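Just so we're aligned: the sequence shown equals residues 1400 to 1846 in the working numbering. Structure record follows, encoded as structure tokens.
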Amino acid sequence: MSSQSQASNFAPHDAQLRAVVDWLSGTPATTDETVTNRARLLLLDTLGCALTGLGRAEVSGYATRLAGGDGIACPGFPSGMTASHFGQVMTLAACWDEACEGLASAHGRPGLHAVPSAVALALDTGASLADALDALVIGYEIGGRLGAAWRIRAGMHVDGTWGTIAAAAAASAVLNERSPDGLAAAIEAAACMIPASLYEPARQGATTRNLYAAQAVSRGIETALAITEGVTAPQQAIGAAAALTFDPAQAVALSSPGPWLVMQGYFKPFAAVRHVHYGAQAALDWRAAYGANTESITAIRLQTYPEAITYCGNRAPSTAIQAQFSLTYGLAHALARGGLGPEAYDADALRDPEINRLEALMVVEDTGAFDTGRGARLRIVAQGRETSLSVDQVDGDPDQPMSRDAVVAKFLQLATPRLGAEVASDVASRIMDAPLAQPLSRVLNGG
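Next comes the structure, spelled out in structure tokens:
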């Protein structure tokens, strides 16, 4: 396929994205109570994932290096970071344990890129909760549409690619009060610097992969700041950038203005890549049906959908990030220990003899025989008897969304070790119930 024909597959996206920008500029998310409540949950969930991620030595050490002075303040974070540094740290921490949200149609995580960008700029400028929620939804809607229309090439990882544009849009929305021209300029400028993030770190277990979204957020914030101060952007850069980075054979039209993609996203009940969730849930269902004693298990067969095997085929993982991208490890941990939270990636868990034994037993097969397109069928032989069960939906799927109470409970579980029970509960209450006109800094910090 010639470069000209590749570009032609993406050429309509410039006009399609401008239509989305005009819609979002004139339709604040916070005029819709349902969307507002969803955005509050998205903010809460992303913050909770970041707070638990800050407990990891690498993340806290990096955050400390960027802190100091009179910068942004947020509970659980080192004080004194600039907006771009805060956004970078929040993003890095939020994705460290793989517990943050996603959007299936985008094959990625628009909230991971949009939320930290909006929060950083809202805290830095004194903007309201409403401003922050409107901005994070704008970034989410733009990122989600790009993710659905732009599919990565073989050997790439999706984080940090179109997320650069989502982050720039969220930042611009705060800085320029949702100005359509400001948003369009920030988007065009960000499109000029989309990275081609590699999947290889995830395969090798290198946590460089966790920098992809963090760098995208920092880049998006800096881009929006520069555009606001008069740095100029080209026009028609969207299609040209996409043709260089993404697969033209899989390009489709951007979804039109109107439906809120943020309402279609999922929150994760487990700390793992979404593809791992179906096998993990099947394991928990097996424990509920047949008991928690796994030592009598002699054979395990997992049938799942092709994309899950492509992206999460790591066997015998020795590092946390390999384990997060491992169907077999996630299922084995859930089966042996009755859960799959951030603790699954501690060194002791990765060396656990029973988890390793179960993981080594597992045979994985490719099948597309699930009504929802995603799912897992689990067959286990224990004490000479074969049992089987199937899962084609998990909490967080569109037809099985996590409730407000479940998302709040997840936040409290993740945030309490860092904030303490009382502070974590207060932060959750303010995010979910504070007046929209209240400054975000007061919502998060109290007072």
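Just so you know, even glycine gets a beta-carbon here, dropped at the ideal spot from N, CA and C. The model shown is predicted, which means the values in this text are computed figures rather than measured ones.
Remark: C-beta atoms of L1757 and A1775 do not approach each other more closely than 8 Å. In the DSSP assignment, the residues bridged to Y1665 are G1501. In this structure, V1672 and E1497 form a Cβ contact; the two beta carbons are roughly 6 Å apart against a cut-off of 8 Å. With contacts defined as CB atoms closer than 8 Å, V1793 and R1700 fail to qualify as a contacting pair. In the DSSP assignment, the residues bridged to D1796 are Q1799.
Looking at the DSSP output, G1507 shares a beta bridge with L1502.
Across the set A1715, A1521, K1667 and G1542, the C-alpha of K1667 shows the shortest separation from the C-alpha of G1447. For the 8 Å CB-CB criterion, L1440 and E1540 do not form a contact. Judged by beta-carbon spacing, T1429 lies beyond the 8 Å limit of D1523, meaning their Cβ atoms are not closer than that value.
Residue environment: Q1487 is assigned as buried (16 or more neighbouring CB atoms within 10 Å of its CB, all protein chains considered).
Secondary structure at P1705: helix, using DSSP grouped into helix, strand and coil. Judged by DSSP in its simplified three-state form, S1787 adopts strand. The three-state reading of DSSP puts S1654 in coil, since its state is none of H, G, I, E or B. Contact holds between the region 1628-1640 and the region 1586-1595, because three or more Cβ pairs, one in each stretch, are under 8 Å apart.
Bridge partners of A1775 according to DSSP: T1703 and V1790. Assigned with DSSP and collapsed to three states, V1419 falls in helix. Per the DSSP secondary-structure output, V1780 pairs in a beta bridge with A1698 and E1785.
Counting C-beta pairs closer than 8 Å gives fewer than three between the region 1509-1517 and the region 1677-1690, which falls short of the contact rule.
Around the beta carbon of T1697, fewer than 16 other beta carbons lie within 10 angstroms, which makes this residue exposed. For E1764, the enclosing beta strand (DSSP E) begins and ends at M1761 to D1765. Taking Q1723 as the centre and dropping the five residues before and after it, the same chain places the C-beta of E1497, A1671, V1672 and Y1744 closer than 7 Å to its C-beta, in chain order. DSSP, read as helix, strand or coil, puts P1579 in helix. In the three-state scheme derived from DSSP, where H, G and I count as helix and E and B as strand, S1617 is classed as helix. Beta-bridge pairing by DSSP links I1471 to M1480.
By a beta-carbon distance limit of 8 Å, M1662 does not contact V1806. Their separation comes to about 14 Å. In the same chain as Q1799, and ignoring 5 residues on each side of it, the C-beta atoms closer than 8 Å to its own belong to Q1792 and V1793, in chain order.
Collapsing the DSSP output to three states places I1551 in a strand. I1620 is a Cβ neighbour of S1483, given a cutoff of 8 Å. With a cut-off of 8 Å on Cβ pairs, the region 1455-1469 is not in contact with the region 1417-1426, counting fewer than three such pairs. Between A1568 and G1538 a beta carbon distance of about 5 Å is seen, short of the 8 Å cut, so the two are scored as contacting. With the rule of 3 Cβ pairs closer than 8 Å, the region 1610-1620 counts as touching the region 1556-1572. Beta bridge pairing from DSSP links G1712 with S1725. Nearest to S1695 by C-alpha distance, out of A1715, G1783, T1771 and H1676, is G1783. Contact between T1703 and L1726 holds: CB atoms are separated by about 7 Å, below the 8 Å threshold. When the five nearest sequence neighbours on each side are left out, the beta carbons in the same chain lying within less than 6 Å of the beta carbon of N1408 are those of P1647 and A1650, in order along the chain. Assignment of L1597 by DSSP, reduced to helix, strand and coil, places it in the strand class.
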